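Residue numbers (our numbering): 1164 to 1573.
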């Protein structure tokens, strides 16, 4: 018998420590609900579950991205719905104006509403935005990331749905004035401020006064209006016929302006809000956008400071018929764009459903690897707890064994 080393006690002590350690780990797993709390619990399982966790979080964010995309599309489509309503009303007015039971005065009133509707089309096209991004002015070309990994994208573009692009902006009207030195309704007129004296012709080509290229002067007090056709340029001023003020409206080439009011200030082209939208070249009488593209060309007209762009022309029976065709084309263009956006939205909604299913399945897979089986772990904890208690009891017995040596010494 040996007393310096109690082998039985040492062995029992080792078993006690092992039982306590195992019980402690079981308690940790039971309290956290996780089978893997650190890499040492399951190194391979931890690596696999972390990759799955990255995929799950990526899928959840992709679903959120897709939902944001749906919101953007709904914003654009809602604006186009209103655009459709405006076009339908404009078409109704064009059909009404194409009927010759309407007088010129009637058509002028109808034209006023069309002009306002055209400006609203432009406002919708220019101002519709999502998170400060313009949607309907032809500049939006976005990419939605709808997957958990790189390059899982959906590209979406929205066409230019502004009034001018849809063909709903009409002539550029420039109101000019000049001065004549004589007042009689017949004979020659001298226009002050022009390059010289020109011939003013009536609608039959008969000389009745001064003329300037491209300008039609109407006696605003006359019913029906007295019309003067000019064949050369004229500067600002006042024309009087029998002492009645006469104004002129010049129509020039419109290459890209929306319906609305515009002002020329030095070398700047300003919209109705005073915002610079382009540049003015006084030498060529041409307005260009900020990218240098021609917007409007006044050709020989001089001294222009303000002008307006009207809506689609319905001022005559012929013009109204043409307007019906143009509006039909615009309605078809908006319908095509709305259909495209609807297809995008349906696709994204299916994408959201699929992402949700994938996230659910991956979460279940991660759970099987990382989560603890509570029943099984409780069984392990109970076993280890019993073993620890048994080891404590046996350690007490092992510590008493060396005392038997004392019997030999009596």
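A virtual CB, placed ideally from N, CA and C, is assigned to each residue, including glycine.
Bear in mind the structure is a predicted one, so any value in this text is a computation, not a measurement.
Bridge-paired residues (DSSP) for residue i
i: residue 1427; result: 1432
i: residue 1437; result: Beta-bridge pairing links residue 1437 to no other residue.
Extent of the continuous alpha helix (DSSP H) to which residue i belongs
i: residue 1494; result: 1480-1533
i: residue 1183; result: 1170-1195
i: residue 1217; result: 1206-1260
i: residue 1134; result: Residue 1134 lies beyond the residue range present for the chain, which begins at 1164 and ends at 1573; the question has no answer from this structure.
i: residue 1569; result: 1568-1571
Rounded Cβ spacing between residue i and residue j (contact assumed at less than 8 Å)
i: residue 1188; j: residue 1535; result: Between residue 1535 and residue 1188 the Cβ distance is about 11 Å, and since that is not below 8 Å, they are no contact.
i: residue 1306; j: residue 1318; result: 5 Å
i: residue 1298; j: residue 1493; result: With 8 Å as the limit, residue 1298 and residue 1493 do not qualify as a contact, their Cβ atoms being about 18 Å apart.
i: residue 1526; j: residue 1219; result: 5 Å
i: residue 1284; j: residue 1246; result: 6 Å
i: residue 1254; j: residue 1427; result: The Cβ separation is near 33 Å, so there is no contact.
i: residue 1308; j: residue 1228; result: 5 Å
i: residue 1511; j: residue 1233; result: 5 Å
i: residue 1169; j: residue 1561; result: 6 Å
i: residue 1533; j: residue 1198; result: 6 Å
i: residue 1128; j: residue 1301; result: No answer is possible for residue 1128: it lies beyond the span of the chain, which begins at 1164 and ends at 1573.
i: residue 1173; j: residue 1311; result: Contact flag wrong, Cβ pair sits at about 54 Å.
Residue i beta carbon near the ligand NAP (any heavy atom closer than 8 Å)
i: residue 1174; result: Ligands in the displayed structure: none, and consequently the ligand NAP is not present.
What ranges does the alpha helix (DSSP H) occupy inside the region 1271-1322, keeping only unbroken runs of at least 4 residues that lie completely in it?
The region 1271-1322 contains no whole alpha helix (DSSP H) run of 4 or more residues.
Using 8 Å as the Cβ pair cut-off and three pairs as the minimum, do the region 1286-1295 and the region 1235-1251 touch?
A contact exists between the region 1286-1295 and the region 1235-1251.
Counting Cβ pairs, one atom from each stretch, are 3 or more of them under 8 Å apart for the region 1547-1564 and the region 1166-1184?
They touch, by the three-pair rule.
With three or more C-beta pairs closer than 8 Å as the rule, is the region 1213-1233 touching the region 1510-1527?
Three or more pairs of CB atoms, one per stretch, sit closer than 8 Å, so the region 1510-1527 contacts the region 1213-1233.
Cβ contact (3+ pairs, closer than 8 Å) linking the region 1474-1484 and the region 1264-1283:
In short, these stretches touch, since the Cβ pair count reaches three.
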